[in-house]
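For the sequence shown, counting from 1, position 26 maps to 37 in the working numbering; every step adds exactly one.
Glycine is no exception: its CB is placed at the ideal position from the N, C-alpha and C atoms.
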Amino acid sequence: MMGSAEKVKTLFAELEAEGYSREHLQRVHAPIGLSINSQTPAEIAVSILAELISEKNSAF
C-alpha cells in the first residue's frame with residue numbers, strides 16, 4: 012500500500028476501529044519513500060522505488 016505518512020496513519024486507525032488487529036496491520040508495508048529530501052514528483056517516485064528495492068533485497 013502506498014500513501015503519505017499521514018494517510019497511512021489515518022487509514023490504519025480506521026482499519027483498527029473496524030476491528031482489524033494491530034498484529035495484522037503490522038504485516039502491511041506502506042512505503043513512503045526513503046528520506047532523501049525529495050521535492051519533485053519524480054524524486055519522490057525514485058525514493059519510493061528505492062525503498063521497495065531495499066525491502067525486496069532484504070527479504071533474502
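Pair within 7 Å by beta-carbon distance, residue i and residue j
| i | j | result |
| --- | --- | --- |
| MET13 | PRO52 | no |
| ILE64 | GLY44 | no |
| SER49 | ILE55 | yes |
Close beta carbons around residue i, own chain, < 7 Å, minus the five adjacent residues each side
| i | result |
| --- | --- |
| ARG33 | GLU27 |
Where residue i sits in the DSSP three-state scheme
| i | result |
| --- | --- |
| THR51 | coil |
| SER15 | coil |
| LEU45 | coil |
Contacting residues, own chain, Cβ-Cβ under 8 Å from residue i (five flanking each side not counted)
| i | result |
| --- | --- |
| SER15 | ILE43 |
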